[in-house]
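Residue numbers (this note's numbering): 75 to 195.
Only one structure is covered here, and it is reproduced in the block below.
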């Protein structure tokens, strides 16, 4: 188990209904992923697509003086994804079932992100 795998696994364990937690680069390349539950959704491909969306949202927020992006969530019928930038190059994503506790997911994502900064620097 890598140094990055343990925090991802703990994140999934702490949030009932978590499908996966992943660290990805803004370039769309995955760094590490922990999958808690297999589903019908191709999470790795979806997160690659979300990485380009995150880059666009970050740029827009900065361009219009909204400040640094802290979090973005995307809700779909079968999946909720919460994304939190870790560094300027990497982000942490948590994929949840629709019935999962969104607030608990946000909280644990916010608490886990700082643990990963040193490992990615």
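A virtual CB, placed ideally from N, CA and C, is assigned to each residue, including glycine.
Asked: Three Cβ pairs or more, each shorter than 8 Å: is that satisfied between the region 182 to 190 and the region 79 to 99?; Found: yes
Asked: Tell whether a beta-carbon distance below 9 Å holds between residue 148 and residue 124.; Found: yes
Asked: On a Cα-Cα basis, can you pick out the residue from 87, 100, 122 that is closest to residue 109?; Found: 87
Asked: Return the first residue and the last residue of the beta strand (DSSP E) that residue 107 is part of.; Found: 104 to 109
Asked: Between 192, 170, 176, 171, which has its C-alpha nearest residue 164's C-alpha?; Found: 192
Asked: Start and end of the alpha helix (DSSP H) containing residue 188?; Found: 176 to 194
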